[in-house]
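If you count the sequence shown from 1, position 313 lands on 313 in UniProt numbering, and the numbers rise without skipping.
A virtual CB, placed ideally from N, CA and C, is assigned to each residue, including glycine.
Since this is a predicted model, take the numbers as computed values, not measurements.
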Amino acid sequence: MDLYKKPHFRPNLGPKVVSNLDSNIYWASWPMYPNKREDVDHLILDSLSVLIQSSRWLDLQRIGDKKAEGNFLHLFYGFFIHMASLSTAQCLGSTSISSAYRRRPETKAKSLPAPPTPKPAEESSGVFPSSSSSSTAGFGNADATNALTLVEKNRIKINKEKEREARERKEEVNRKIASKKAISVILRREATKAVIEKKKGTNSKKLLPRTVLEALHERIKALRWESALKVFELLREQLWYRPNSGIYIKLIVMLGKCKQPERAHALFQNMIDEGCIVNHESYTALVSAYGRSGLFDQAFSLLNRMKNTPGCEPDVYTYSILIKSCLHVFDFDRVQSLLLDMAIQGIKPNTITYNTLIDAYGKAGRFEEMESTLMEMLNQQDCQPDVWTMNSTIRAFGSSGQIETMEKCYEKFKSAGVNPNIKTFNILLDSYGKAKSYEKMGAVMEYMQKYYYSWTVVTYNVVIDAFGRAGDLKQMEYLFRLMRSERIKPNCVTLCSLVRAYGRAGAVDKIGGVLRFIENSDVMLDIVFFNCLIDAYGRMGCLSEMREVLEMMERRGCKPDKITYSTMIKAYSRSGITSRVKELQDAVIRKEDT
1 MDLYKKPHFR PNLGPKVVSN LDSNIYWASW PMYPNKREDV DHLILDSLSV LIQSSRWLDL
61 QRIGDKKAEG NFLHLFYGFF IHMASLSTAQ CLGSTSISSA YRRRPETKAK SLPAPPTPKP
121 AEESSGVFPS SSSSSTAGFG NADATNALTL VEKNRIKINK EKEREARERK EEVNRKIASK
181 KAISVILRRE ATKAVIEKKK GTNSKKLLPR TVLEALHERI KALRWESALK VFELLREQLW
241 YRPNSGIYIK LIVMLGKCKQ PERAHALFQN MIDEGCIVNH ESYTALVSAY GRSGLFDQAF
301 SLLNRMKNTP GCEPDVYTYS ILIKSCLHVF DFDRVQSLLL DMAIQGIKPN TITYNTLIDA
361 YGKAGRFEEM ESTLMEMLNQ QDCQPDVWTM NSTIRAFGSS GQIETMEKCY EKFKSAGVNP
421 NIKTFNILLD SYGKAKSYEK MGAVMEYMQK YYYSWTVVTY NVVIDAFGRA GDLKQMEYLF
481 RLMRSERIKP NCVTLCSLVR AYGRAGAVDK IGGVLRFIEN SDVMLDIVFF NCLIDAYGRM
541 GCLSEMREVL EMMERRGCKP DKITYSTMIK AYSRSGITSR VKELQDAVIR KEDT
């Protein structure tokens with residue numbers, strides 16, 4: 001077949017053609033014009049370039065084997081120059097590229113020893129071999145290859161160093177710019193905070209929105225209702241302020257938790273006056289505020305108002321919140337009426353509703369109603385028990401001393417796929433501790449350690465109280481030190497357990513150590529702690545210290561209650577000081593009259 005008669009034939013230099021380099025047809029079909037040798041040369045070099053760029057080392061090897069069959073040996077000198085720029089570490093196995101082309105056809109490449117260290121570029125006679133030596137040395141000159149590789153490495157290293165320096169200069173400039181911006185923002189935020197605290201300054205209406213909102217949300221979260229209302233008034237004075245129903249709802253919920261229903265109602269009216277959208281969430285927040293304060297008449301009246309207001313109909317959350325408020329005072333009659341009203345309205349109880357009922361029945365000791373509510377919950381397809389259901393149930397049985405029933409419920413919930421959490425183990429520890437089942441208590445602690453349940457302040461309080469009740473002061477003090485070493489802050493419950501245990505053991509000095517710890521800490525003391533302290537001193541007959549505690553209460557602004565006076569009356573009666581008993585009884589009577 002005479003391929004030279006096709007004047008416009010030119011091979012495609014893609015991967016498909018490159019793979020056929022060892023065929024005689026390909027070698028014969030290269031010339032576009034058979035009388036022009038340079039066309040053949042350019043085509044060969046193009047093919048070599050394609051193979052180099054795609055790292056087709058085996059095809060390059062076959063070209064090297066074919067070089068003796070053609071008259072284009074002069075082309076491989078330029079090919080060697082290009083190959084010399086490649087690293088000698090790029091090998092076929094352990095054989096360098098140059099050695100692969102020096103071997104004879106049908107022979108395997110042999111691994112060569114490491115080449116000698118190349119001389120510096122300036123000392124060598126030249127990187128590229130001369131034309132006279134190319135016929136003898138070919139293109140396998142290892143010294144030239146290594147020298148060129150060293151030059152390329154140095155050039156790459158210098159370029160990388162320059163890029164790194166430029167990048168560092170750019171980062172330094174950006175860092176300075178960001179620092180200036182951060183300082184400006186900090187100064188403006190600090191100025192805004194100063195205005196919030198003092199409500200002074202000529203620019204009190206041009207404060208940063210983010211800072212004011214952060215200050216408001218911090219006070220809402222901490223239930224600091226007085227400070228929160230002041231910040232809210234400052235917020236309303238800002239030029240950028242726009243009424244937002246979400247902020248109003250958060251404030252109303254906070255006031256409900258702080259037992260401020262009148263202020264919650266006033267905010268509700270302000271929200272309406274400012275044109276905010278009033279929906280069932282707004283009404284539910286106000287219902288919760290009334291319910292938490294025990295104002296059930298107002299709460300039920302507002303519930304009826306919601307029923308008659310389009311778009312504000314009560315939902316399951318409204319009823320659940322009101323049911324929870326009634327259960328706090330154990331008003332089960334109102335709860336039954338609410339459940340009946342839900343059925344009439346076509347509202348099904350959800351998991352939260354059932355959990356609230358189960359928890360309330362358990363705390364009231366009404367176990368039959370609790371179990372019937374649990375069974376009703378299990379019969380609902382779209383309302384399955386969760387870990388809150390589990391905790392409420394085992395807490396009810398554990399606090400009443402029904403340890404076996406508690407353990408059975410725990411196993412049933414686990415078999416149903418409900419996994420316990422840290423609160424579950426706290427309930428188990430507290431139940432076992434009060435039942436003096438210290439072995440089971442230790443087993444729970446080992447289980448928590450095995451499965452990496454981190455202890456909380458509640459866990460430490462439960463365990464410290466259990467060892468204190470058992471009279472193991474050494475272990476109790478060890479846990480208290482461990483608690484502080486893990487940076488878990490003790491609270492009043494922790495200190496009450498310590499004082500109560502030391503009072504039973506008659507360790508007056510240890511109680512003094514607790515008081516010194518309080519002086520060096522920021523623990524907020526309440527009436528419960530002072531009553532425990534008075535009881536501990538009264539048990540040990542330390543009447544003078546007991547009177548000092550009463551004075552301490554007055555200094556801290558903590559007013560004594562009935563438990564305080566009754567505890568002191570018992571202590572004086574034990575000591576036979578009847579005159580002091582009479583004075584305290586009169587004080588109790590005067591307190592009741594006021």
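Run through DSSP, which three-state label would Gln475 get? Walking along the sequence shown from the start, residue 475 turns up at place 475. The DSSP-derived three-state label of Gln475 is helix.
So which of Ala443, Leu429 and Met390 has the shortest CA-CA distance to Gly417? Taking the first residue of the sequence shown as 1, we reach residue 417 at position 417. Cα-wise, what sits closest to Gly417 is Met390.
In whole angstroms, what is the alpha-carbon distance linking Tyr438 and Pro385? One-based indexing of the sequence shown puts residue 438 at position 438. One-based indexing of the sequence shown puts residue 385 at position 385. Roughly 30 angstroms between the two C-alpha positions.
For Phe330, three-class secondary structure by DSSP: Start at 1 with the first residue of the sequence shown, and residue 330 comes out as number 330. Residue state, collapsed to three classes: coil.
In three-state DSSP terms, what is Val523? Position 523 of the sequence shown, counting from 1, holds the residue named residue 523. In the structure shown, Val523 sits in coil (DSSP, three-state: anything other than H, G, I, E or B).
For Thr405, which residues in the same chain have their Cβ closer than 7 angstroms to its Cβ, ignoring the five residues on either side in sequence? Position 405 of the sequence shown, counting from 1, holds the residue named residue 405. Excluding residues within five positions, the ones whose Cβ falls inside 7 angstroms are Phe397.
Contact between the region 516 to 525 and the region 484 to 504: three or more CB pairs below 8 angstroms? The region 516 to 525 is in contact with the region 484 to 504.
Taking the alpha helix (DSSP H) that Arg487 falls in, what are its first and last residues? Residue mapping note: residue 487 aligns to position 487 of the sequence shown, counting from 1. Premise fails: Arg487 is in no alpha helix (DSSP H) and is neither H nor E.
In chain order, what residues of the same chain have a beta carbon less than 6 angstroms from the beta carbon of Ser573, not counting five sequence neighbours either side? In the sequence shown, the residue the question calls residue 573 occupies position 573. Take Ser573, set aside five residues on each side of it, and the residues of its chain with a beta-carbon closer than 6 angstroms to its own are Val581, in chain order.
Top-ranked residue by Cα proximity to Leu357, from Met546, Phe530, Pro314 and Phe330: By 1-based counting over the sequence shown, the position of residue 357 is 357. The residue from Met546, Phe530, Pro314 and Phe330 with its alpha-carbon nearest to that of Leu357 is Phe330.
Straight-line CA distance for Arg210 to Leu479? If you number the sequence shown from 1, residue 210 lands on position 210. If you number the sequence shown from 1, residue 479 lands on position 479. Counting only the Cα atoms, Leu479 lies some 43 angstroms from Arg210.
Under 8 angstroms: do the region 305 to 317 and the region 268 to 275 share three or more Cβ pairs, one atom per stretch? The way I'd put it, the region 305 to 317 doesn't touch the region 268 to 275; fewer than three beta-carbon pairs between them come closer than 8 angstroms.
Ordered along the chain, which non-local residues of its own chain (more than five positions away) have a Cβ less than 7 angstroms from that of His74? Start at 1 with the first residue of the sequence shown, and residue 74 comes out as number 74. The predicted model places His74 with a pLDDT of 47, which falls under 50 and marks its position as unreliable; any figure quoted below should be read in that light. Only residues of its own chain outside the window of five on either side were considered, and among them none has a CB closer than 7 angstroms to the CB of His74.
May I ask you to report which of helix, strand or coil DSSP gives Pro420? On the sequence shown, position 420 is the one that residue 420 refers to. Pro420: coil per DSSP, three-state reduction.
Nearest-angstrom Cα distance between Leu550 and Asp341? Position 550 of the sequence shown, counted from the first residue, corresponds to residue 550. Position 341 of the sequence shown, counted from the first residue, corresponds to residue 341. Rounded to the nearest whole angstrom, the C-alpha separation of Leu550 and Asp341 is 50 angstroms.
Leaving aside the five residues before and after Thr202 along the sequence, list all residues of the same chain whose C-beta is less than 6 angstroms from its C-beta, in chain order. Taking the first residue of the sequence shown as position 1, residue 202 is located at position 202. The predicted model places Thr202 with a pLDDT of 45, which falls under 50 and marks its position as unreliable; any figure quoted below should be read in that light. There are no such residues.
Roughly how far, in whole angstroms, is the beta-carbon of Ser245 from the beta-carbon of Ile220, given that I think they are within contact range, below 8 angstroms? Position 245 of the sequence shown, counting from 1, holds the residue named residue 245. Position 220 of the sequence shown, counting from 1, holds the residue named residue 220. The pair is not a contact, with the Cβ atoms about 15 angstroms apart (cut-off 8 angstroms).
Can you tell me which of the three DSSP states Glu165 falls into? Indexing the sequence shown from 1 puts residue 165 at position 165. Glu165: helix per DSSP, three-state reduction.
CB contact flag (Phe425, Tyr453, <9 angstroms): Start at 1 with the first residue of the sequence shown, and residue 425 comes out as number 425. Start at 1 with the first residue of the sequence shown, and residue 453 comes out as number 453. A contact, by the Cβ cut-off of 9 angstroms.
Mapping the DSSP letters down to three states, classify Arg242 as helix, strand or coil. Translated into the one-based positions of the sequence shown, residue 242 becomes position 242. Three-state DSSP puts Arg242 in coil, outside helix and strand.
For Ala266, three-class secondary structure by DSSP: Here residue 266 refers to the residue found at position 266 when the sequence shown is read from its first residue. Helix.
Classify Pro310: buried if its beta carbon has 16 or more other beta carbons within 10 angstroms, exposed otherwise. Counted from its first residue, the sequence shown places residue 310 at position 310. Exposed, by the Cβ-count rule.
Exposed or buried, which one is Arg555 when buried takes at least 16 other CB atoms within 10 Å? What you label residue 555 is simply residue 555 of the sequence shown in a count that begins at 1. Under a 10 Å Cβ-count criterion, Arg555 is classified as exposed, with fewer than 16 other Cβ atoms of the shown protein chains found around its own Cβ.
For my contact list, Ile252 and Ala289 are in at a C-beta cut-off of 8 angstroms; report their separation, rounded to the angstrom. The residue labelled residue 252 in the question sits at position 252 within the sequence shown. The residue labelled residue 289 in the question sits at position 289 within the sequence shown. Their Cβ separation, rounded to whole angstroms, is 6 angstroms, which keeps Ile252 and Ala289 in contact under 8 angstroms.
Burial state of Gln585 (16 or more Cβ within 10 Å): On the sequence shown, position 585 is the one that residue 585 refers to. Under this definition Gln585 is an exposed residue.
Environment of Ala222 [buried if 16+ CB atoms lie within 10 Å]: To locate residue 222, count along the sequence shown from 1; it is residue 222. By the neighbour-count rule (16 or more Cβ atoms within 10 Å), Ala222 is not buried but exposed.
Coarse secondary structure for Trp455, derived from DSSP in three states: On the sequence shown, position 455 is the one that residue 455 refers to. Looking at Trp455 - three-state DSSP - the assignment turns out to be coil, as it is neither helix nor strand.
Helix, strand or coil: which one does DSSP assign to Glu407? Position 407 of the sequence shown, counted from the start, is the residue given in the question as residue 407. In this structure, Glu407 counts as helix in the three-state DSSP scheme.
Given that a residue counts as buried once 16 or more other Cβ atoms are within 10 Å of its Cβ, and exposed if not, what is Met441? Position 441 of the sequence shown holds residue 441. Met441 is buried by the Cβ-count criterion.
So what's Asp359 in DSSP terms, helix, strand or just coil? Looking up residue 359 in the sequence shown gives position 359. Note: Asp359 maps to helix in three-state DSSP.
Going by beta carbon distance, what residues of the same chain come within less than 7 angstroms of Ile589, once the five residues before and after it are set aside? Indexing the sequence shown from 1 puts residue 589 at position 589. Result list for Ile589: empty, nothing under 7 angstroms.
Would the beta-carbon of Ile527 fall within 9 angstroms of that of Ala571? For the purposes of this step, residue 527 is identified with residue 527 of the sequence shown, where counting begins at 1. For the purposes of this step, residue 571 is identified with residue 571 of the sequence shown, where counting begins at 1. No, they are not a contact pair.
Identify, in the order they occur along the chain, each residue of the same chain with its Cβ nearer than 8 angstroms to the Cβ of Val523, setting aside the five sequence neighbours on each side. Numbered from its first residue, the sequence shown carries residue 523 at position 523. Taken in chain order, the residues that qualify are Lys489, Pro490, Asn491, Cys492 and Leu495.
Could you round the C-beta distance between Thr318 and Gly362 to whole angstroms and report it? I think they count as a contact, below 8 angstroms. By one-based count along the sequence shown, residue 318 stands at place 318. By one-based count along the sequence shown, residue 362 stands at place 362. 24 angstroms between Cβ atoms; not a contact.
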